[in-house]
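The structure appears right after this line, and notes come after that.
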Amino acid sequence: MKSFEKSAPLLFFSLYLVLGLLIYGDYGMSWDEELQRTHGLVSAKYVDEWVNYTEEVYTWQDLPTYEHRFYGVWFSLPAVWLEKALGLESFRAQFRMRHLLVFLIFWSSTLLFYRLLKERFRHWGWALLGVAMLVLSPRIFAHSFYNPKDLPFLSLYILGSYSLFRFWLSPNARSALFHGLAGGMLISMRVTGVILPAVTLFLIGVDLLFNKRGELHWYKKYALGLFIYLPATAFFTVLFWPYLWEHPWQHFLDTFDTMSQYAWGGKVIFRGQLLPGEAIPWYYIPFWMGISIPVVYLLWTACGLVLLFPPAGNNLLHHLRLWDNDEQRKDWGMLGLLLAPLAAIIVKHSIVYDGWRHLFFIYPCLVYLAVYGVYRLWALVADKHAGWRYALIGITALGMVNTAWFMVRYHPHQNVYFNELAPGDQLQQYDLDYWGLSYKQAFEALARIDN
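Residue numbers (the working numbering): 382 to 832.
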């Protein structure tokens, strides 16, 4: 059994890596990708003006006056450097490299997600189930081969979640620096990443006020940790984001203000209506999640949410605290990391579009709660008739196999997946291939016809 514990995850991740290397070239190119490359080129020119490390002429545009200077470049800037280092001259090679890089970053984050789950649920099987759910999510799977914005951000959110637990549960200089590094990388990818330090401070505050971590030594530990963590987050944010190198505070505030009130001039098809950005309803994101995440994952997530509350109620009733141990801290921490971004978008009436891709980064938190739901249900039926456990296994396996079959059958168009809850004719109801990925297959079909 010990050998299987090591061999099963190794086999899974190895096969997943090989699969990704074999199929990453199957996916088309979205029309946002060239602009993302331009972001990187402009920042690369700016960095070169500071350090003068190359004779390379990147672009004629200057970062201080660049129209899209507010976008983070954690991915796009290193991608430009890698492109130049590899001497990639052709358009095709430049973007195939970026597709591979997006996949490798996501694949690496699944390793960390496995570790996060294993540390919480204390068994490799639960951890592997969670990673399998994350991978066998059609829209996430497809985007992990080409999306240079939302998928690296998702991967960094996993890193930030893991570093949060390290710092929150064991505040010291090392964990504070690690969490600061993760936070800086996240924010320099997208300014929305400020949600991570906000959730961090909130959870620590709740712990100190209500959860018997109000003893003096905990105040000292957190004071020292925050004294390191907050400056480290600021330092790494500026380091990875060249636009902040000059006037960092003012430029950061300008960026936050601009992006939080982002004016999008396009339109979406939602429930059969063509809506301008300002008319998109507040429930747009929850609705999209409800129709494009496999139903069995939604079911187990709902169970996980419901089953979070009995232990919390017992803790509040008898001990006046929300959680009683580190496992429960992680559970509620993940709930906070899931709900805080959703609540922020709804409260601020932020414009979101293209389905729920802007919120892809909270999906690992949802998967965590789905695993928690199955885990708790399994514990509840452990002493019952064996049929209950077989039912749990059967429902989960059936849902995942059905999802995997869709992904194989419609490869490489997993990005247009809808679950069984999506009503009517999706083509008339919702945006489908809004990034134009399928043009690749269309042009290939035309090339086969044209002799």
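The beta-carbon is built from N, C-alpha and C at its ideal position, and this holds for glycine as well.
(message) Taking DSSP's pairing of strands, which residues face proline 657 in a bridge?
(response) For the purposes of this step, residue 657 is taken as the residue at position 276 of the sequence shown. BP columns for proline 657 point to Lys648.
(message) Assuming leucine 517 and threonine 784 are in contact, meaning their beta carbons sit under 8 Å apart, how far apart are those beta carbons, in whole angstroms?
(response) On the sequence shown, position 136 is the one that residue 517 refers to. On the sequence shown, position 403 is the one that residue 784 refers to. Between leucine 517 and threonine 784, the beta carbon gap of about 5 Å places them in contact (Cβ cut-off 8 Å).
(request) Answer yes or no: do isoleucine 732 and glycine 658 have a C-beta to C-beta separation smaller than 8 Å? (result) What you label residue 732 is simply residue 351 of the sequence shown in a count that begins at 1. What you label residue 658 is simply residue 277 of the sequence shown in a count that begins at 1. Contact: yes.
(request) Would you identify the three-state DSSP class for tyrosine 439, choosing helix, strand or coil? (result) Indexing the sequence shown from 1 puts residue 439 at position 58. In the three-state scheme derived from DSSP, where H, G and I count as helix and E and B as strand, tyrosine 439 is classed as coil.
(message) Going by beta-carbon coordinates alone, are proline 793 and tyrosine 397 separated by less than 8 Å?
(response) Start at 1 with the first residue of the sequence shown, and residue 793 comes out as number 412. Start at 1 with the first residue of the sequence shown, and residue 397 comes out as number 16. Not a contact, by the Cβ cut-off of 8 Å.
(message) Using only the alpha-carbon positions, how far apart do tyrosine 527 and histidine 480 sit?
(response) In the sequence shown, counting from the first residue as 1, residue 527 sits at position 146. In the sequence shown, counting from the first residue as 1, residue 480 sits at position 99. Cα atoms of tyrosine 527 and histidine 480: separation of roughly 5 Å, rounded to the nearest angstrom.
(request) Tell me whether histidine 504 is buried or exposed, calling it buried when 16 or more other Cβ atoms sit within 10 Å of its Cβ. (result) Counting from one through the sequence shown, the residue named residue 504 turns up at place 123. By the C-beta density criterion, histidine 504 is exposed, having fewer than 16 other C-beta atoms within 10 angstroms.
(request) Sort Leu625, Met410, Leu779 and Gly421 by Cα distance to leucine 823 and report the nearest one. (result) Here residue 823 refers to the residue found at position 442 of the sequence shown. Reading off the sequence shown, one finds alanine at residue 823, where the question assumed leucine. Per the Cα distances, Met410.
(request) Determine the extent of the alpha helix (DSSP H) in which valine 687 is found, giving its start and end residues. (result) Numbered from its first residue, the sequence shown carries residue 687 at position 306. According to the DSSP assignment, valine 687 belongs to the alpha helix (DSSP H) that extends over 676-700.
(request) Count the other CB atoms, across all protein chains shown, that sit within 10 Å of the CB of serine 471; report buried if there are 16 or more and exposed otherwise. (result) The residue given as residue 471 occupies position 90 in the sequence shown. The residue in question, serine 471, is exposed, as its Cβ has fewer than 16 Cβ neighbours within 10 Å.
(message) Taking its Cβ as the centre, do 16 or more other Cβ atoms sit within 10 Å of phenylalanine 476, making it buried, or is it exposed?
(response) Within the sequence shown, residue 476 is the residue found at index 95, counting from 1. Around the beta-carbon of phenylalanine 476, 16 or more other beta-carbon atoms lie within 10 Å, marking it buried.
(request) Report the three-state DSSP secondary structure of tyrosine 811 (helix, strand or coil). (result) The sequence position of residue 811 within the sequence shown is 430, counting from 1. Tyrosine 811 falls in the strand class under three-state DSSP.
(message) According to DSSP, simplified to helix, strand and coil, what is alanine 763?
(response) As a working note, residue 763 is residue 382 in the sequence shown. Coil.
(request) Please classify glutamate 470: does DSSP put it in a helix, a strand, or coil? (result) For the purposes of this step, residue 470 is taken as residue 89 along the sequence shown, with counting starting at 1. Reduced to three states, the DSSP call for glutamate 470 is coil.
(message) Taking only three categories from DSSP, how would you classify leucine 716?
(response) By one-based count along the sequence shown, residue 716 stands at place 335. If DSSP states are grouped into helix, strand and coil, leucine 716 belongs with the helices.
(request) Take serine 556 and list the residues in its own chain whose beta-carbon comes closer than 6 Å to its own, dropping the five residues that flank it on each side. (result) Residue numbering aside, residue 556 sits at position 175 when the sequence shown is read from its first letter. Cβ neighbours of serine 556 beyond the five flanking positions: Arg547 and Phe548.
(request) Note down the Cα distance separating glycine 775 from threonine 636, rounded to an integer number of angstroms. (result) Position 394 of the sequence shown holds residue 775. Position 255 of the sequence shown holds residue 636. Inter-residue distance for glycine 775 and threonine 636 is about 48 Å (C-alpha atoms, whole angstroms).
(request) Give me the Cβ distance between leucine 558 and alanine 615, rounded to the nearest whole Å; I'm assuming they're in contact under 8 Å. (result) As a working note, residue 558 is residue 177 in the sequence shown. As a working note, residue 615 is residue 234 in the sequence shown. Their Cβ separation, rounded to whole angstroms, is 13 Å, which puts leucine 558 and alanine 615 out of contact at 8 Å.
(request) Look at the alpha carbon of glutamine 442 and the alpha carbon of glycine 468, and state the distance between them as a whole number of angstroms. (result) Working through the sequence shown from its first residue, we reach residue 442 at position 61. Working through the sequence shown from its first residue, we reach residue 468 at position 87. Straight-line Cα distance between these residues: approximately 22 Å.
(message) I'd like the span of the alpha helix (DSSP H) that includes leucine 584, first residue to last.
(response) Translated into positions along the sequence shown, residue 584 becomes position 203. From DSSP, the alpha helix (DSSP H) with leucine 584 extends over 576-591.
(request) Give me the Cα-Cα distance between asparagine 695 and leucine 703, rounded to the nearest whole angstrom. (result) For the purposes of this step, residue 695 is taken as residue 314 along the sequence shown, with counting starting at 1. For the purposes of this step, residue 703 is taken as residue 322 along the sequence shown, with counting starting at 1. Whole-angstrom Cα-Cα distance: 9 Å.
(request) Using 7 Å as the cut-off, classify the Cβ of leucine 422 as near or not near the heavy atoms of the ligand ADP, replying yes or no. (result) This structure does not include the ligand ADP; it has no bound ligands of any sort.
(request) Would you check if the distance between the CB atom of valine 483 and the CB atom of proline 533 is smaller than 8 Å? (result) Mapped onto the sequence shown, residue 483 falls at position 102. Mapped onto the sequence shown, residue 533 falls at position 152. Proline 533 sits close to valine 483, with the two beta carbons spaced by under 8 Å.
(request) Could you tell me which of Leu779, Val572 and Phe456 sits nearest to methionine 514, measuring between CA atoms? (result) Counted from its first residue, the sequence shown places residue 514 at position 133. The shortest C-alpha separation from methionine 514 is found at Leu779.
(message) Less than 8 Å between the C-beta atoms of leucine 686 and valine 580, yes or no?
(response) Taking the first residue of the sequence shown as position 1, residue 686 is located at position 305. Taking the first residue of the sequence shown as position 1, residue 580 is located at position 199. No, the Cβ-Cβ distance between leucine 686 and valine 580 is not below 8 Å.
(message) On the CB-based measure, 16 or more other CB atoms within 10 Å of its CB, does lysine 387 come out buried or exposed?
(response) One-based indexing of the sequence shown puts residue 387 at position 6. Counting Cβ neighbours within 10 Å, lysine 387 comes out exposed, since fewer than 16 surround it.
(request) Measure the CB-CB distance between proline 843 and glutamine 709 and report whether it falls below 8 Å. (result) Examination of residue 843 is not possible in this model, given that the chain is present from 382 through 832 alone.
(request) Drop a sphere of 10 angstroms on the beta-carbon of histidine 699, count the other beta-carbons inside from all chains shown, and report buried for 16 or more, exposed for fewer. (result) Position 318 of the sequence shown, counting from 1, holds the residue named residue 699. In this structure histidine 699 is exposed. Its beta-carbon is surrounded by fewer than 16 other beta-carbon atoms within 10 angstroms.
(message) Quick check: tyrosine 835 and histidine 632, are their CB atoms within less than 8 Å of each other?
(response) Past the boundaries of the shown model lies residue 835; the chain is included only from 382 to 832, so the question cannot be answered.
(request) Use the C-beta contact count for lysine 601: other C-beta atoms within 10 angstroms, 16 or more gives buried, fewer gives exposed. (result) Taking the first residue of the sequence shown as 1, we reach residue 601 at position 220. By the beta-carbon neighbour count (other beta carbons within 10 angstroms, threshold 16), lysine 601 is exposed.
(request) Round the Cβ separation of asparagine 800 and serine 673 to the nearest angstrom and send it over; I've been treating them as touching at under 8 Å. (result) As a position in the sequence shown, residue 800 is number 419, starting the count at 1. As a position in the sequence shown, residue 673 is number 292, starting the count at 1. With 8 Å as the limit, asparagine 800 and serine 673 qualify as a contact, their Cβ atoms being about 7 Å apart.
(message) I want to know whether the segment 603-610 touches the segment 422-440 - three or more CB-CB distances under 8 Å.
(response) Contact fails: fewer than three Cβ-Cβ distances are below 8 Å.
(message) Using only the alpha-carbon positions, how far apart do tyrosine 405 and lysine 765 sit?
(response) Here residue 405 corresponds to residue number 24 of the sequence shown, with the count starting at 1. Here residue 765 corresponds to residue number 384 of the sequence shown, with the count starting at 1. C-alpha separation (whole angstroms): 45 Å.
(message) For leucine 740 and isoleucine 666, which I take to be in contact (beta-carbon distance under 8 Å), what is that distance rounded to the nearest angstrom?
(response) Here residue 740 refers to the residue found at position 359 when the sequence shown is read from its first residue. Here residue 666 refers to the residue found at position 285 when the sequence shown is read from its first residue. Their Cβ separation, rounded to whole angstroms, is 6 Å, which keeps leucine 740 and isoleucine 666 in contact under 8 Å.
(request) Measure how close the beta-carbons of methionine 570 and tryptophan 455 come, nearest whole angstrom, since I'm counting them as under 8 Å. (result) Here residue 570 is taken as the residue at index 189 of the sequence shown, counted from 1. Here residue 455 is taken as the residue at index 74 of the sequence shown, counted from 1. That belief holds up - the Cβ atoms of methionine 570 and tryptophan 455 are roughly 4 Å apart, short of 8 Å.
(request) Please confirm if threonine 573 has its CB atom under 8 Å from at least one CB of chain D. (result) This model lacks chain D altogether, as it is built from one protein chain only.
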